[in-house]
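*Asks:*
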Amino acid sequence: MTEPRQRSIGVTPREKERLEKAKSVYENKTGEKPDWGKFLSVVSALGLVALGIYKMSQASKKNPVTNCPYCGENFSIAYSDDLPPVVYVTCPNCRAELVVDLRAP
Ligand SMILES: [Zn+2]
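Note that our numbering has the sequence shown beginning at 2, numbered continuously upward.
1. By Cβ distance below 8 Å, which residues in the same chain neighbour Leu20 in space, the five residues on each side in sequence not counted?
2. Is any heavy atom of ligand 1 found at a distance shorter than 8 Å from the C-beta of Tyr55?
3. Helix, strand or coil for Tyr55 per DSSP?
4. Compare the beta carbon distance of Tyr89 and Leu103 with 9 Å and say whether it is the shorter of the two.
5. For Pro65, tell me which candidate among Pro86, Gly38, Glu16 has the shortest Cα-Cα distance.
6. According to DSSP, is Arg113 helix, strand or coil?
7. Pull the bridge partners of Asn64 from the DSSP assignment, please.
8. Quick check: is any heavy atom of ligand 1 less than 8 Å from the C-beta of Tyr89?
9. Checking contacts by CB at 9 Å: is Gly53 closer than that to chain C?
10. Could you tell me the distance, in whole angstroms, from the CA atom of Met57 to the CA atom of Gln7?
11. Considering Cα atoms alone, identify which of Glu28, Lys62, Lys22, Thr91 is closest to Asp82.
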């Protein structure tokens with residue numbers, strides 16, 4: 002198996018401090034310890050929902066079936082523990098992109 006190539010992005014020490022603070026707030030609130038990739042994907046997904054760019058639907062890890070907010074069809078999500086608690090999916094029925102929050106009980 003080959004290691005994925007390491008990529009880096011430039012952040013100023015101040016931005017890094019702010020991101021680390023945001024990550025620790027997230028960890029305290031959710032009780033999760035996501036790696037940076039997971040954390041940033043969750044934050045960007047929720048940010049896009051907050052901006053109204055994506056719609057969000059709910060599902061639980063136990064029963065990962067959700068209802069598409071565009072076409073009303075139910076579909077299930079292949080969930081594994083490696084996935085972040087909030088995922089981007091494409092509706093298999095209408096091909097709409099949406100964000101699914103898997104933190105529902
Ligand atoms: Zn749909």
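The beta carbon of each residue, even a glycine, is placed where N, CA and C say it ideally should be.
*Replies:* In brief:
1. Val12
2. Relative to ligand 1, the beta carbon of Tyr55 is positioned no closer than 8 Å to any heavy atom.
3. coil
4. Leu103 sits away from Tyr89, with the two beta carbons spaced by 9 Å or more.
5. Pro86
6. What is shown of the chain runs 2 to 106, which leaves residue 113 out entirely.
7. Its beta-bridge partners do not exist; DSSP assigns none.
8. no
9. Judged by its chain identifiers, the structure shown contains no chain C, having just a single protein chain.
10. 31 Å
11. Lys62
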